[in-house]
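Residue numbers (this note's numbering), protein chains in the order written: chain A, 1 to 649; chain B, 650 to 792.
Backbone N, C-alpha and C fix where the C-beta goes; we use that ideal spot for every residue, glycine too.
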Amino acid sequence: MSRIGVFVCHCGLNIAKTIRVSELAEFASTLPDVVVARDYRFMCSTPGQEMIANDIKEHRLDRVIVTACSPLMHEHTFRKVIEKAGLNQYMLTIVNIREQVSWVTSDIEEGTAKAKALLNGAVYRARLLAPLSSRVIDVNSGVMIVGGGIAGIQAALELANTGKKVYLVEKNSTIGGHMAQFDKTFPTLDCSACILTPKMDAVLQHPNITLMTYCEISEVKGFVGNFDIKVRQKARYVNHDKCNACLACTEKCPGKGISEWDEGLVKRKAIHIPFPQAVPQKPVIDRDACTYFLKGKCRLCEKVCEQKAIDFEQQDTFIDVKVGAVIVATGYNLMDTSPLVQYGYGKYPGVYSALEAERLFNSAGPTSGKVTLRDGKEPQAIAILHCIGSRDKNNYEHCSRVCCMYSLKFAHLFKEKTSADVYQFYIDIRAAGKGYEEFYNRIIEEDVKFIRGKVARVAESSDEPGRLIVEAEDTITGKFVQLPVDMVVLSPAMIPREDSKEVGRLFNLSTDKHGFFMERHPKLAPLSTMSEGIFIAGTCQSPKDIPDTVAQANGAAAEALTIVSREKMELEATTAMVNPASCCGCQNCVRVCPYGAPLFNYEKGVSEINEALCKGCGLCASVCPTSAIIARHFTNEQVLAEIEGLMEF
Amino acid sequence: MSFEPKILGIACNWCTYTGADLAGTTRLHYPPNVRVVRVMCSSRINPSFIFRAFQLGADGVLVGGCHPGDCHYNTGNLYARRRLAVTKKILEFAGLEPGRFRVEWISASEGNKFAEVVQEFTAQIKELGPQQKLKIDELQEKA
């Protein structure tokens, strides 16, 4: 016979509006083993928590049911409450009557009836709860950061400055990310490289940061506090321990590859560093462009290298890294706009993507900072097209947040560098951010022409060969506009990296329908994920600008620190165990477990579970033909009792 | 009074349960007939949970897990998928109407999918009427 206390929360009107909470509490008091049932406006508030604690003592409760919001919100809070009051923290059941009842129901009869059924199930389940003892584990103090853009760089420096060991993993041969490609940053127009490269260099010099460029994650094992990550070091064909960064090889190389950094606008050498301030300053060979790899002879780089650093035999290697926490900051891509044939990207040489335009402004870019078309001429009229693929139900519904502002920046730079007329074709100008509206007003003053209307088509001019016609409806005047221009810049949707689904799979991150990583809670846990110990920062979560990205990176660093600054931490006790008396030795559990937690003890002829490896999914319990495996906190008896309770009403 | 079916939902913690929470957070309304039991992984679902629910008079059972390949526990839902496919066959062999048992992969971001599935499934069960094939007192009556 157990002694259960039921505590029904109103959550203001969030719950009380569509569930009769006092009736629910009265109903609870009629259920078996319930010795006290109350309702209160905010159970999670201090008086609410005290009410529970007092009742535990006064009524000698041994089990508590909190009927409130989702267990994903406050299970932890109430576990601490009952633990403080002397109960084992697992003697708690949460009934989710907010997210799964009151918020999805408009009828108070329906809501109350459903809440009663759920509560009845919870009482049945609670009667069978058993105390569990938490596991305490040692915590590794290192942190891995995946992605070496501004988010990863910022987080790495913050963490390294606290004295923690940081492994910064980047798939390209340099860190810097997209920010390294920009010329100026809005709204201050400060030089992107000037503010970024000192940080890149600080990463390289920092004694606590191990920089792992040209690396990819190949396997992630373990759990919060003890991740065991296998990193693939891709073959660079240059021994970086020997290379002294003289770059003589890059001068002699005859191979031609596409410059990723210059968005394919120019070629680069096969052996190369991506850009002059790359970190590290040591080259890699692009196999697909290397004359030796393609034709079997050349090896000019080898001949000029005094350090004997070139190694055509180099293979991929694997490095094992152990860390306590991980920050994923893998950034974004711009949508490929060539499938949107109406804009002519890839068809007309005068149509550029936003990142290509960035490179045209940059003094280290393909045109040394001069704005010229592909034929070398200076444009006389330029149209900047907003919302290409974003705010578009046929492609990406989301607003990419930065395009309005960088389009305004482009307009300023075009005005500064050319004598062209500049036109903005926009749906709305979204200038929410510190100094953004002011920047917008400044650009209006600079004689940039704003046409409110989404462009329908970019076509070739029939009168003036080589020129383009931009067609749109000006929704302010209601007139159809046909504007001849020489250059069109598209501001495409910001989308997740092409490999975000795979990265998500490796780190057990959920993704939204487009592949952006999901945060644990959209407002209150925007940097945590459902995988404990793994955090996200920057544009891999959603489109955002540099200030927000940097702020998130700092936040993620602090979150990671809350884990790795501890020597030990408590883990969920909800693991599986084997009852050796009924184990038949079939070893099904050993075969199915993704973590290798069950091991077969040949001496005793039974399986045993290594609790340090068990994550508590309960798979083994379901494949056990003799029910010898017990999934703690989700035992067959507990789940069946809950089902029975649910079906009674 | 119109027939209001009792439907058992079993949802994994990481995807479908979180997706159901999201449906709530975004205030998507759906019929109240599905009552959800949370398990950590769809692979935890022992077929006996489903058989028992039908014996106790459930008019339908809806199981939700992460999309295959996206399981929080790597491969758990792949085992669940096979086991539940067999479960469905056994249920039908035992005489249950095919439409009463359904498995759906609903991710944590698919609150709208959760609401849609519940709406659709509830309507389907209403169409089928009360479940009598596996309900225990019905069985006892027959015996």
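Residues in the same chain with beta-carbon distance under 6 Å from residue i, minus the five sequence neighbours each way, listed in chain order, please.
i: A:G344; result: V351, V458
i: A:P526; result: E519
i: A:I630; result: M577
i: A:T574; result: G616, R632, H633
i: B:F750; result: V710, K737, L740
i: B:C690; result: C661, Y722, G725
Below 8 Å CB to CB, which residues in the same chain sit around residue i once its five sequence neighbours on both sides are set aside?
i: A:K415; result: V422, E446, D447, V448
i: A:A329; result: I145, V146, G147, G149, A151, G152, A155, I536, A537, G538, C540, A553, A556
i: A:N120; result: L31, G645, L646, E648, F649
i: A:R127; result: S2, I4, P32, D33, R63, A641
i: A:G331; result: G147, G149, A151, G177, H178, R497, G538, T539, C540
i: A:D39; result: F7, V8, C9, H10, V21, S22, L24, A25
Can you pull the chain A residues whose beta carbon is under 8 Å from the beta carbon of residue i, in chain order?
i: B:A772; result: Here the premise fails: no neighbours, minimum Cβ distance about 16 Å.
i: B:D786; result: Within chain A, no residue comes near B:D786; the closest Cβ sits about 12 Å away, beyond 8 Å.
i: B:V688; result: G618, F634, V639
i: B:A743; result: Near B:A743 there are no residues of chain A at all, since even the closest Cβ is about 18 Å away, more than 8 Å.
Using only alpha-carbon positions, find the residue among the options that is nearest to residue i.
i: A:A151; options: A:N244, A:G538, A:H633, A:D545; result: A:G538
i: B:C664; options: A:Q541, A:M518, A:R591, A:P598; result: A:M518
i: A:L646; options: B:V767, B:N726, B:L705; result: B:L705
i: A:A155; options: A:P496, A:K199, A:R63, A:R3; result: A:K199
i: A:H206; options: A:L168, A:C617, A:K234, A:Q233; result: A:L168
i: A:A621; options: B:G725, B:R693, B:R701, B:S651; result: B:R693
i: A:T475; options: A:C624, A:P484, A:K454; result: A:K454
i: A:F182; options: A:D262, A:L211, A:E170, A:Y602; result: A:D262
i: A:H412; options: A:Q281, A:T185, A:L509; result: A:T185
i: A:S259; options: A:D286, A:S2, A:A245; result: A:D286
i: A:L211; options: A:T418, A:K171, A:L265, A:L524; result: A:K171
i: A:C403; options: A:P492, A:C9, A:N362; result: A:P492
i: A:K313; options: A:N333, A:V238, A:P379, A:N362; result: Here residue 313 of chain A is Glu; the residue named in the question, Lys, does not match the sequence. Ranking A:N333, A:V238, A:P379, A:N362 by Cα distance to A:E313 puts A:V238 first.
i: A:L204; options: A:R135, A:F410, A:Q277; result: A:Q277
i: A:R566; options: A:V139, A:K234, A:D55; result: A:V139
i: A:S70; options: B:F652, B:D670, B:Q780, B:Q781; result: B:D670
i: A:Q380; options: A:E358, A:I319, A:R467; result: A:R467
i: A:K513; options: B:I755, B:S697, B:A702; result: B:I755
Could you work out which residues of chain B lie near residue i, taking near to mean beta carbons separated by less than 9 Å?
i: A:T549; result: Correct list: empty, because the minimum Cβ distance to chain B is about 21 Å.
i: A:E445; result: The premise fails here: A:E445 is roughly 41 Å from chain B at the closest Cβ pair, so nothing lies under 9 Å.
i: A:A432; result: Correct list: empty, because the minimum Cβ distance to chain B is about 22 Å.
Could you give the C-beta distance for residue i and residue j, rounded to a whole number, given that I count them as a contact under 8 Å?
i: A:I52; j: A:A325; result: That belief does not hold up - the Cβ atoms of A:I52 and A:A325 are roughly 32 Å apart, past 8 Å.
i: A:I495; j: A:Y396; result: 6 Å
i: A:A612; j: A:I137; result: 7 Å
i: A:S353; j: A:T367; result: About 16 Å; that fails the 8 Å criterion.
i: B:R684; j: B:G658; result: 6 Å
i: A:A180; j: A:A193; result: 7 Å
i: A:P625; j: A:V606; result: Between A:V606 and A:P625 the Cβ distance is about 14 Å, and since that is not below 8 Å, they are no contact.
Mind listing the chain B neighbours of residue i? Cutoff is C-beta to C-beta under 7 Å, in chain order.
i: A:M518; result: A757, S758
i: A:P526; result: Near A:P526 there are no residues of chain B at all, since even the closest Cβ is about 14 Å away, more than 7 Å.
i: A:R98; result: G673
i: A:N508; result: H721
Since residue i meets chain B, which of its residues come closer than 8 Å, beta carbon to beta carbon?
i: A:D512; result: S758
i: A:R20; result: Those do not exist, as A:R20 stays about 14 Å from chain B at its closest Cβ, beyond 8 Å.
i: A:Q482; result: What A:Q482 touches in chain B: nothing, since even the nearest Cβ is about 40 Å away.
i: A:V455; result: Under the 8 Å cutoff, chain B gives no residues; its nearest Cβ is about 31 Å from A:V455.
Please compile the residues from chain A whose C-beta is within a distance smaller than 7 Å of the C-beta of residue i.
i: B:S692; result: C617, G618, L619, S622
i: B:K655; result: M647
i: B:A702; result: I643, M647
i: B:F698; result: V639, L640, I643
i: B:V685; result: Q100
Could you work out which residues of chain A lie near residue i, taking near to mean beta carbons separated by less than 9 Å?
i: B:R731; result: Residues of chain A passing the Cβ test: none, with the nearest at roughly 11 Å.
i: B:G709; result: Those within 9 Å of B:G709 in chain A number zero; the least Cβ separation is about 12 Å.
i: B:T665; result: Those within 9 Å of B:T665 in chain A number zero; the least Cβ separation is about 11 Å.
Between which residues of its own chain and residue i is the CB-CB distance below 7 Å, once the five residues before and five after are set aside?
i: A:Q482; result: I469, E471
i: B:P747; result: E741
i: B:R687; result: A660, N662, Y666
Taking any Cβ of chain B, which residues in the stretch 609–638 of chain A have a Cβ under 8 Å from it, in chain order?
-> Residues of the stretch 609–638 of chain A whose Cβ lies closer than 8 Å to any Cβ of chain B, in chain order: K615, G616, C617, G618, L619, A621, S622, V623, A631, F634, N636.
Taking any Cβ of chain B, which residues in the stretch 57–89 of chain A have a Cβ under 8 Å from it, in chain order?
-> Listed by position along the chain: S70, P71, L72.
Residues from the stretch 490–505 of chain A in contact with chain B, defined by Cβ distance under 9 Å = Of all residues in the stretch 490–505 of chain A, only K501, G504, R505 place a beta-carbon less than 9 Å from a beta-carbon of chain B.
For the stretch 712–741 of chain B, which residues have a beta carbon sitting closer than 9 Å to at least one beta carbon of chain A?
-> Residues of the stretch 712–741 of chain B with a Cβ closer than 9 Å to any Cβ of chain A, in chain order: C715, G718, D719, C720, H721, Y722, N723, T724, G725, Y728, A729, R732.
Where the stretch 116–145 of chain A meets chain B: residues whose CB sits under 8 Å from a CB there | Cβ contacts with chain B come from A117, L118, G121.
What are the residues of the stretch 10–37 of chain A that lie near chain B, defined by any Cβ-Cβ distance shorter than 7 Å?
-> Answer in chain order: no residues at all.
Residues in the stretch 99–111 of chain A with C-beta within 9 Å of chain B's C-beta atoms, listed in sequence order?
-> Only E99, Q100, V101, S102, W103, V104, T105, S106, D107, E110, G111 from the stretch 99–111 of chain A bring a Cβ to less than 9 Å from some Cβ of chain B.
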